[in-house]
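To start, the structure under review is shown below, and the notes come after it.
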Amino acid sequence: MTTSFTGPERHDHSEHQPEPGDHGRQGSDLINLGDGHHEGSGALPERFENPGLPEHVHRLGDDDPAAAKRSERQVASLFGVSMLATLLFVISYIVVGKGEIVTLPLIGATKALHVALGVTLGISLLCIGLGAVHWAKTLMSDTEVVEERHTLRSPDEDREGTVKILTDSAESTQLTRRPLIKYSLGGALGLFVVPLGLQLVGSLGPLPHDNLGVTLWDRKLNGKGRRLMRDPENTPIRLSDVTLGSVFHVLPEGIDDVQNPQDAKVKAAVLLVSMQESDIKNAKEASWGIQGVVAYSKICTHVGCPVGLYEHTTHHLLCPCHQSTFDMTNDCEVIFGPAKRRLPQLKISVNDAGYLVADQGFQEPVGPSFWERA
Amino acid sequence: MTSDAHTGTGRPADALRGDDETSTAPKKKGGGAVGGVANWMDERTGGAKGIRYLMNKVFPDHWSFMLGEVAMYSLIILLITGTFLTFWYVPSMGETIYHGSYTPLQGQQMSEAYKSTVDISMDVRGGLLIRQIHHWAALLFLVAIMLHMFRVFFTGAFRKPREINWVIGVLLFMLAMVEGFAGYSLPDDLLSGTGIRAAQGFMLSIPVIGSYVAYFVFGGAFPGSEIIPRLFTVHVLLLPAIIMGLFAAHMILLIVHKHTQFPGPGRSDHNVVGFKLMPVYTAKAGGFFFIVFGITALISGLVTINPIWMYGPYEPTMVTAGAQPDWYMGFADGALRLSPGWWEFTLLGHTFSLNVMIGAILLIPVIFTALGVYPFLEAWITGDKREHHLLDRPRNAPTRTAIGMGFIAFYFVLFVASGNDIMAITLHLSINDITHVMQASIFILPPLVFWITKRLCMSLQRSDRDLVLHGKESGRLIRTAEGRFFEAHTPLSEHDRWRLVSYETHRPIAAPTEADSNGVGRRQIAKDKMRARLSHFYFNDRIEAITPAELAAAHHDGQAFESIESAEDGDRLEIDSDEFDHHMHGGAEELSSGHAYSHPQDQEPS
């Protein structure tokens, strides 16, 4: 320790009843230049001393019965308002209709019942609180009280006693002398959580296996590639329907027939966009689409939000969650934001009936990255 | 009474008799019916001792001590309203068709969780109010916890003996965040569903076990049908139980330690000055509960939060623009938005998604570990082993205050970054520019704020010193015989002065010299050197409190003018004869040559 701590002396806490005008003590006369000059050496203490509690100043209501009476009335009025508000709450609850709408300034149209209940409950509670606090501040004693602190450390006797019980116990159990018991007990206690932990963790869910890497597009329907269906109408799309500049939200054909449609949708959602074929800079992208119509996974490669915002003029796709931006003219490469990987492309073609169909599934896992992916 | 039975004058049998009587005879009760009940209880529990002790506990007054109270009361409001909500909420992802009174959703397919939440909002009388109070109270809970933590940090209230309570508080803060996330995910609406979707993405980013964690937590693929019921159990049982346990420990330690207090006359590390729990604090704190509850209810009635009926049910292929979490999760979301994509790479056939993992998985534990460790780090640097019950004024611990503010700046940048899309739209700025500025700010702002804060603290300390040395400006001008003008200064009263001079300043410890290192391991030397360096960083720049000697010296310097003033005393006494008159001389020394207050032309070259 390099610091010198003189600080407040221990006897400070016994001075909580200072006498008014107690200027005679050492600390205070030091600055009283009228008493002569101090040289700033030896005679002065290193630190100032705690002057003790200042004199208690009376409140208006302490000396003036009229002021105290006024406070009493204010407190009682607040409690009265609270009761009134509670009554209004009960009346509102019974009377106001569920569908009634009120228009309030700043807030606009809101449900009348909700506002009435909220405001009356709020006022009812608030007035109890304000009344109690006002009561405490104006009428209850405002003389500060001093409570002593005691060091938290137990007396040495207790500490030694505790240690002795522990050492005696260790002696009595012979734990130190019989390592066989010590280690086998440690092993047994260490292992007893295993069954419970195994049951919980083991039964929480199935192993992922390759589930993250496959989508419904991988599974043929009646031996043929699945058609692209409008979401949510669930109707097939003809190439001729896809006019230049249009965007389709797409799900695979037969998605409602699988066991867990929601789980399948999360991975199979696709965005179909039609661009000028000349706008497409990437050869693979052009060849996996038809006449400038391309299909990409709608699931962000960052953390899996649907990439919902498409900008027609720039052909940029923006994810609303963390603003990753993908360039649809260049195989959906990431041009901004926290995502690293391109959106996977779905290779499409036209079947005999003129409908868009996926020949094969995605060639890589869709959605967020995971350890086994690479 | 039976006192002779104990005096031993009677026969042994009488003594036995006497004991019987003593034990059966009712003790003096008094206090009417209440006293009767109290007596009945006390004879069975012995509770009067503890209750007397509690009711006599003294709490010091300060507005900042109410922040923790707000957190406690929000927690109680959450427990009350949350229990109400469980009576109507259905924690199930089973699909159902909506036929309630809210027409825009009529006939839509949705989960039972979502449907029941819409029913609470639309068809249960007063249900919306309870839901809104629950949500607003949750937001307030976390605001209050955070502000309470700022108060404790910046005043040094975490120092011995309160380190354990600080760690408990940090844990409570972290659990409250998770609890909040679990809670706002329960309605299974489009916004919160997107949040769960992202959470699954976060889990997948964990190296080696990521996909297993995700499949175990979700009971299979996302979204599955398990996550809402599981989050429900976590939200209403598991986390509340842990939070209440830690909260109880937090309160017990508060009682054991007694409350800290700000320095002031009559206050020391060995006492608490304030008001007793009974009656003043019961009225104030109890009243404050109703104030917090009342304000929460008013806000809930007037300002709609989380209108899930407008978001619609969760649909994995849909998303809302401007998707954002509740405010307390904002900083983690902001960290994700600022992480560059190139943090993801593949190595040895495996994917490392650091662009996700750092912000979503590592950030929270790292920040909270740093918070939890801080008291121990500071104690190690100062080597201070004493109990501290007097708080530091933030300016009197400049380095700590600056570290805290630097941390807040870091947090603030992340928090603001989570609204980069909203800012871009409302301010008509490029989202790319905003993000790049934030990415730079995360490195620039914290050190800058640290430096500014430290300088500000030290300036405030200097101004405190000036105030002690030279008193307050009285606004009264004095002309000397030579025609020079001064403003008289009024010295501080000893009570006012004590607030400014009572603080202690640590000094940097010396670096270990090689001579000291005989027989000391190399590791120990490295540790000592590190400690010396940190101590230098903390305490090399410091402003120490005024000592009596300094004050006396300052007054001594001013004596040149004292005689002049004394000559004028007669006049002034007539103008204002207040109690400070005999201190009046104190003002004149301000203008001695070379002093900050002197006029430039008065200064002599030194």
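Residue numbers (the working numbering), protein chains in the order written: chain A, 2 to 375; chain V, 98 to 703. A virtual CB, placed ideally from N, CA and C, is assigned to each residue, including glycine.
Cβ distance (whole Å) where residue i is taken to contact residue j below 8 Å
i	j	result
residue 330 of chain A	residue 280 of chain A	5 Å
residue 388 of chain V	residue 130 of chain A	3 Å
residue 240 of chain A	residue 351 of chain A	5 Å
residue 324 of chain A	residue 434 of chain V	6 Å
Residues that residue i contacts on chain A, provided the C-beta gap is smaller than 8 Å
i	result
residue 434 of chain V	323, 324, 338 and 339
residue 629 of chain V	Residues of chain A passing the Cβ test: none, with the nearest at roughly 11 Å.
residue 232 of chain V	Going along chain A, no residue has its Cβ under 8 Å from residue 232 of chain V, so there is no contact; the nearest lies around 13 Å.
Best match in the options for proximity to residue i [C-alpha to C-alpha]
i	options	result
residue 58 of chain A	A:145, A:89, A:133 and A:187	A:145
residue 48 of chain A	V:265, V:546 and V:594	V:594
residue 172 of chain V	V:159, V:233, V:226 and V:162	V:233
residue 99 of chain A	A:86, A:105, A:116 and A:88	A:116
residue 445 of chain V	A:130, A:258, A:374 and A:315	A:374
residue 224 of chain V	A:114, A:124 and A:136	A:114
residue 390 of chain V	V:553, V:509, V:359 and V:178	V:178
residue 437 of chain V	V:537, V:610 and V:565	V:537
residue 196 of chain V	V:421, V:433, V:208 and V:646	V:208
residue 424 of chain V	V:516, V:254 and V:622	V:516
residue 54 of chain V	V:302, V:261 and V:420	With chain V covering 98 to 703 only, the question about residue 54 of chain V has no answer from this structure.
residue 342 of chain A	A:327, A:56 and A:265	A:327
residue 502 of chain V	V:263, V:546, V:161 and V:189	V:546
residue 449 of chain V	V:618, V:636 and V:300	V:300
residue 71 of chain A	A:139, A:94 and A:127	A:139
residue 556 of chain V	V:638, V:647 and V:340	V:638
residue 355 of chain V	V:622, V:182 and V:485	V:485
residue 149 of chain A	V:154, V:216 and V:131	V:154
Distance, residue j Cα to residue i Cα
i	j	result
residue 431 of chain V	residue 455 of chain V	12 Å
residue 338 of chain A	residue 287 of chain A	25 Å
residue 254 of chain A	residue 222 of chain A	8 Å
residue 441 of chain V	residue 453 of chain V	8 Å
residue 710 of chain V	residue 205 of chain A	An answer regarding residue 710 of chain V cannot be provided, because it is not within the stretch 98 to 703 covered by chain V.
residue 540 of chain V	residue 499 of chain V	16 Å
residue 346 of chain A	residue 530 of chain V	29 Å
residue 335 of chain A	residue 282 of chain V	29 Å
residue 184 of chain V	residue 237 of chain V	24 Å
residue 159 of chain A	residue 321 of chain V	57 Å
residue 120 of chain A	residue 408 of chain V	26 Å
residue 200 of chain V	residue 287 of chain V	18 Å
residue 263 of chain V	residue 377 of chain V	27 Å
residue 111 of chain A	residue 572 of chain V	56 Å
residue 363 of chain A	residue 332 of chain A	14 Å
residue 5 of chain A	residue 564 of chain V	For residue 5 of chain A, the pLDDT reaches just 38, beneath the cut-off of 50, and the residue's location in the model is therefore unreliable, although a value from the coordinates is still provided. Rounded to the nearest angstrom, the two C-alpha atoms are 24 Å apart.
residue 254 of chain V	residue 625 of chain V	26 Å
residue 249 of chain A	residue 233 of chain A	10 Å
residue 550 of chain V	residue 645 of chain V	29 Å
residue 123 of chain A	residue 162 of chain V	24 Å
residue 250 of chain V	residue 264 of chain A	46 Å
residue 26 of chain A	residue 589 of chain V	In this prediction, residue 26 of chain A scores a pLDDT of 38, lower than 50, which makes its location untrustworthy; the coordinate-derived value is nonetheless stated afterwards. Roughly 16 Å separates the two Cα atoms.
residue 237 of chain A	residue 411 of chain V	24 Å
Chain-ordered chain V contacts of residue i [CB-CB under 8 Å]
i	result
residue 264 of chain A	317, 318, 319, 320 and 321
residue 218 of chain A	In chain order: nothing, as chain V lies at least about 14 Å away.
Within chain V, the residues that residue i reaches when beta carbons sit closer than 7 Å
i	result
residue 316 of chain A	Near residue 316 of chain A there are no residues of chain V at all, since even the closest Cβ is about 17 Å away, more than 7 Å.
residue 377 of chain A	This structure cannot settle anything about residue 377 of chain A, because the visible part of chain A is limited to 2 through 375.
residue 94 of chain A	222 and 223
Within chain V, partners of residue i - CB distance below 9 Å
i	result
residue 306 of chain A	291, 294, 295, 298, 416 and 420
residue 253 of chain A	Chain V residues near residue 253 of chain A: none, gap ~12 Å exceeds 9 Å.
Proximal chain A residues relative to residue i, where beta-carbon distance stays under 7 Å
i	result
residue 572 of chain V	Those do not exist, as residue 572 of chain V stays about 21 Å from chain A at its closest Cβ, beyond 7 Å.
residue 211 of chain V	Within 7 Å Cβ-Cβ: nothing; residue 211 of chain V doesn't reach chain A, min ~13 Å.
residue 493 of chain V	Within 7 Å Cβ-Cβ: nothing; residue 493 of chain V doesn't reach chain A, min ~13 Å.
Legend entry - Completely contained beta strand (DSSP E) runs for the segment 423 to 474 of chain V, where each covers 3 or more residues: Within the segment 423 to 474 of chain V, the complete beta strand (DSSP E) runs of at least 3 residues are 441 to 444 and 447 to 450.
Legend entry - Runs of alpha helix (DSSP H) lying entirely within the segment 179 to 245 of chain V, each at least 4 residues, in chain order: Here the runs fully enclosed are 209 to 219.
Inset, instruction - Pick out the complete beta strand (DSSP E) segments inside the segment 246 to 291 of chain A, 3 residues or longer, and give them in chain order. - result: Scanning the segment 246 to 291 of chain A from its first residue to its last, the whole beta strand (DSSP E) runs of 3-plus residues come out as 248 to 253 and 271 to 275.
Legend entry - Runs of alpha helix (DSSP H) lying entirely within the segment 314 to 357 of chain A, each at least 4 residues, in chain order: Within the segment 314 to 357 of chain A, no complete alpha helix (DSSP H) run reaches 4 residues.
Legend entry - Unbroken stretches of the alpha helix (DSSP H), 4 residues or longer, contained in the segment 144 to 168 of chain V: With a minimum length of 4 residues, the continuous alpha helix (DSSP H) runs that stay inside the segment 144 to 168 of chain V are 144 to 152.
Legend entry - alpha helix (DSSP H) runs wholly inside the segment 391 to 422 of chain V, at least 4 long, in chain order: The qualifying runs are 405 to 408.
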